[in-house]
Amino acid sequence: MSEVIHVGSGKVRELYALDDERLLLVASDRISTFDVVLPTEIPDKGRVLTGLSAFWFARTRDIVPNHLLALRPDGRSTECRRLEMLPIECVVRGYLSGSGWKDYRTTGAVCGHTLPDGLVESARLPEPIFTPATKAQEGHDENITRDQAAQLVGRELFEEAERISLALYRHASDYASARGILIADTKFELGLDADGTLTLGDEALTPDSSRFWPADEYAPGGSQPSYDKQFVRDFCEAAGWDKEPPGPELPEEVVHGTRARYVEAFERLSGIPFAEYVADPDVVLA
Ligand code: Q0Z
Numbered sequence: 000m001s002e003v004i005h006v007g008s009g010k011v012r013e014l015y016a017l018d019d020e021r022l023l024l025v026a027s028d029r030i031s032t033f034d035v036v037l038p039t040e041i042p043d044k045g046r047v048l049t050g051l052s053a054f055w056f057a058r059t060r061d062i063v064p065n066h067l068l069a070l071r072p073d074g075r076s077t078e079c080r081r082l083e084m085l086p087i088e089c090v091v092r093g094y095l096s097g098s099g100w101k102d103y104r105t106t107g108a109v110c111g112h113t114l115p116d117g118l119v120e121s122a123r124l125p126e127p128i129f130t131p132a133t134k135a136q137e138g139h140d141e142n143i144t145r146d147q148a149a150q151l152v153g154r155e156l157f158e159e160a161e162r163i164s165l166a167l168y169r170h171a172s173d174y175a176s177a178r179g180i181l182i183a184d185t186k187f188e189l190g191l192d193a194d195g196t197l198t199l200g201d202e203a204l205t206p207d208s209s210r211f212w213p214a215d216e217y218a219p220g221g222s223q224p225s226y227d228k229q230f231v232r233d234f235c236e237a238a239g240w241d242k243e244p245p246g247p248e249l250p251e252e253v254v255h256g257t258r259a260r261y262v263e264a265f266e267r268l269s270g271i272p273f274a275e276y277v278a279d280p281d282v283v284l285a
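Quick note: the sequence shown, position 189, residue 188 per numbering that gives the first Met the number 0, numbers continuous.
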């Protein structure tokens, strides 16, 4: 007789302990926008994110080992190796958006990277940059300098985390841009396994852990549409919602349009029909 113990909740995910070495990460169909979880679910969203993350884990093993042990047949649950997570978020930015744009506009730099003058919002950076952030218990993660991050994890681990994060981003962003999706920025969670090996955990290179933009609509000089959540944002804006909880219920056409965008991202990136993933999640690992 075994008990599964709930050990954590994210906005849209749950974490359970399977035993001393293993966790179960479950992705729900909940969706958040403007930092609020909406009352309406997007069917299959959790499966799409779990499948995409597993797809990337399988294809980045030569860059860094990862925590994935098995996909459950439900397609939304991942059995993973328990890691000792680093106390920093490993963010990589290839484009100037969100807090990166905000910091550049006010200081000309992001996390200690001084950038060229005259960059516009959403500009592609000359080189991708590693921009670590603190892990906030509540509220937003805060960008920190490379020296602050090195203080938190030690110089050697910091340099390895930076090298791995940049290599992952370069691999994934090249791959995705050839398939019509720009990965503007992304957040990795790295941890140490029992042997002290730096290992990729959590979810990786999904639209929930990254900014995905449609490549064919890319137009620097302003904000870009979100690949996955734009219908939801547009609806919320048009509904006049004040962005304080609770959020609005989504109408059927917004739910269906948004589900279609998630499935499209999965199929474009993996090259696998989503129905094949639902029938047998292990197809993304081949
Ligand atoms: C991931 C999170 C979620 C709430 C801890 N392999 C791992 N080893 C140790 N810790 C984690 C992982 Cl993935 C870990 N989170 C983020 C996920 C619900 C928080 F589904 N926290």
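Idealized CB from N, CA, C, for every residue including glycine. From a predicted model like this one, the values you see are computed outputs, not experimental measurements.
Candidates V47, E188, V91 and E2: which alpha carbon is nearest R210's? For the purposes of this step, residue 210 is identified with residue 211 of the sequence shown, where counting begins at 1. If we check each option's Cα against that of R210, V91 comes out closest.
Are there three or more Cβ pairs, one per stretch, closer than 8 Å when the segment 220 to 228 is compared with the segment 5 to 15? no
Quick one: is the Cβ of E120 within less than 7 Å of any heavy atom of the ligand Q0Z? Your numbering for residue 120 matches position 121 in the sequence shown. E120 Cβ: outside cutoff for every heavy atom of the ligand Q0Z.
To the nearest angstrom, how far is it from the Cα of A203 to the Cα of Y276? Here the question's residue 203 lines up with position 204 in the sequence shown. Here the question's residue 276 lines up with position 277 in the sequence shown. C-alpha separation (whole angstroms): 18 Å.
So L189 packs on L85, CB below 8 Å; how close in whole Å? The sequence position of residue 189 within the sequence shown is 190, counting from 1. The sequence position of residue 85 within the sequence shown is 86, counting from 1. Their Cβ separation, rounded to whole angstroms, is 5 Å, which keeps L189 and L85 in contact under 8 Å.
Relative to the C-alpha of D146, which residue among T59, F187, I128 and C110 is closest? For the purposes of this step, residue 146 is taken as residue 147 along the sequence shown, with counting starting at 1. Among T59, F187, I128 and C110, the Cα nearest to that of D146 belongs to C110.
What is the DSSP secondary structure of L82, reduced to helix, strand or coil? As a first step, residue 82 must be located in the sequence shown, where it is residue number 83. Residue state, collapsed to three classes: coil.
Which partner residues of I182 appear in the DSSP bridge assignment? The count along the sequence shown starts at 1 and reaches residue 182 at position 183. Looking at the DSSP assignment, I182 forms a beta bridge with F211.
Mind checking whether L151 and I62 have CB atoms under 8 Å apart? The residue labelled residue 151 in the question sits at position 152 within the sequence shown. The residue labelled residue 62 in the question sits at position 63 within the sequence shown. Their beta carbons are not under 8 Å apart, which means L151 does not touch I62 by this criterion.
Anticipated Cβ contact below 8 Å, L191 with E83, distance rounded: In the sequence shown, the residue the question calls residue 191 occupies position 192. In the sequence shown, the residue the question calls residue 83 occupies position 84. Rounded, the Cβ-Cβ distance is 5 Å, consistent with contact.
State the Cα-Cα distance for the pair D201 and L268, rounded to the nearest angstrom. The residue labelled residue 201 in the question sits at position 202 within the sequence shown. The residue labelled residue 268 in the question sits at position 269 within the sequence shown. Each residue's alpha carbon lies about 19 Å from the other.
Can you give the Cα-Cα distance for A237 and W212, rounded to whole angstroms? As a first step, residue 237 is located in the sequence shown; it is residue number 238 there, counting from the start. As a first step, residue 212 is located in the sequence shown; it is residue number 213 there, counting from the start. A237 and W212: Cα-Cα distance of roughly 21 Å.
Output the boundary residues of the beta strand (DSSP E) element that contains A16. On the sequence shown, residue 16 is found 17 positions in, with the first residue counted as 1. Note, A16: beta strand (DSSP E), R12 to A16.
Where the alpha helix (DSSP H) through A171 begins and ends: Translated into the one-based positions of the sequence shown, residue 171 becomes position 172. Unbroken alpha helix (DSSP H) run through A171: R154 to S176.
Nearest-angstrom Cα separation, counted from L249 out to E32: Along the sequence shown, one-based indexing puts residue 32 at 33. Along the sequence shown, one-based indexing puts residue 249 at 250. Correcting the residue type first, residue 32 is Thr in the shown sequence and not Glu. Cα-Cα distance, rounded: 12 Å.
Which residues bound the alpha helix (DSSP H) around G256? As a first step, residue 256 must be located in the sequence shown, where it is residue number 257. Taken as a continuous stretch (DSSP letters only), the alpha helix (DSSP H) holding G256 covers E251 to S269.
Between the alpha carbons of W100 and A214, how many angstroms are there, rounded? As a working note, residue 100 is residue 101 in the sequence shown. As a working note, residue 214 is residue 215 in the sequence shown. One C-alpha to the other measures close to 19 Å.
Locate the beta strand (DSSP E) running through E126, then write down its first and last residues. Working through the sequence shown from its first residue, we reach residue 126 at position 127. Where E126 is concerned, the enclosing beta strand (DSSP E) stretches over R123 to F129.
Between which residues of its own chain and A148 is the CB-CB distance below 7 Å, once the five residues before and five after are set aside? Sequence index remark: in the sequence shown, residue 148 carries index 149 (1-based). Once the five neighbours on either side are set aside, the close Cβ partners of A148 are I87, P131 and F157.
Taking only the alpha-carbon atoms, compute the straight-line gap between S208 and D184 and give it to the nearest angstrom. Numbered from 1 along the sequence shown, position 209 holds the residue referred to as residue 208. Numbered from 1 along the sequence shown, position 185 holds the residue referred to as residue 184. Each residue's Cα considered, the two are about 9 Å apart.
Return helix, strand or coil for L296, following the three-state DSSP convention. The structure shown does not extend to residue 296, since the chain is modelled only from 0 through 285, so no value can be given for it.
Return yes when at least one heavy atom of the ligand Q0Z lies under 7 Å from the C-beta of D18, else no. The count along the sequence shown starts at 1 and reaches residue 18 at position 19. No.
Looking only at DSSP bridge pairs, what is Y94 linked to? Counting from 1 along the sequence shown, the entry for residue 94 is found at position 95. In DSSP, Y94 forms a bridge with R123.
Using beta-carbon positions only, say whether V35 and P206 come within less than 8 Å of one another. Walking along the sequence shown from the start, residue 35 turns up at place 36. Walking along the sequence shown from the start, residue 206 turns up at place 207. Their beta carbons are not under 8 Å apart, which means V35 does not touch P206 by this criterion.
Looking only at its own chain, which residues have a Cβ that is under 7 Å from the Cβ of G74, when we skip the five neighbours before and after it? Taking the sequence shown and counting its residues from 1, one reaches residue 74 at position 75. Same-chain partners within the cutoff: R46, T49, G50, Y276, V277 and P280.
With distances taken Cα to Cα, identify the nearest neighbour of A218 among A69, L24 and A122. The residue you call residue 218 lines up with position 219 of the sequence shown. Of the candidates A69, L24 and A122, the one whose C-alpha sits nearest the C-alpha of A218 is A122.
Tell me where the alpha helix (DSSP H) around V277 begins and ends. Your numbering for residue 277 matches position 278 in the sequence shown. F273 to A278 is the extent of the alpha helix (DSSP H) around V277.
Could you check whether the Cβ of C79 sits closer than 7 Å to any heavy atom belonging to the ligand Q0Z? Sequence index remark: in the sequence shown, residue 79 carries index 80 (1-based). For the ligand Q0Z, at least one heavy atom lies less than 7 Å from the Cβ of C79.
What residues in its chain sit with their C-beta under 6 Å from that of L284, if we drop five residues either side in the sequence? Against the sequence shown, residue 284 aligns to sequence position 285. Only A57 meet the Cβ criterion.
Any heavy atom of the ligand Q0Z within a distance shorter than 7 Å of the CB on E13? For the purposes of this step, residue 13 is identified with residue 14 of the sequence shown, where counting begins at 1. Indeed, a heavy atom of the ligand Q0Z lies less than 7 Å from the Cβ.
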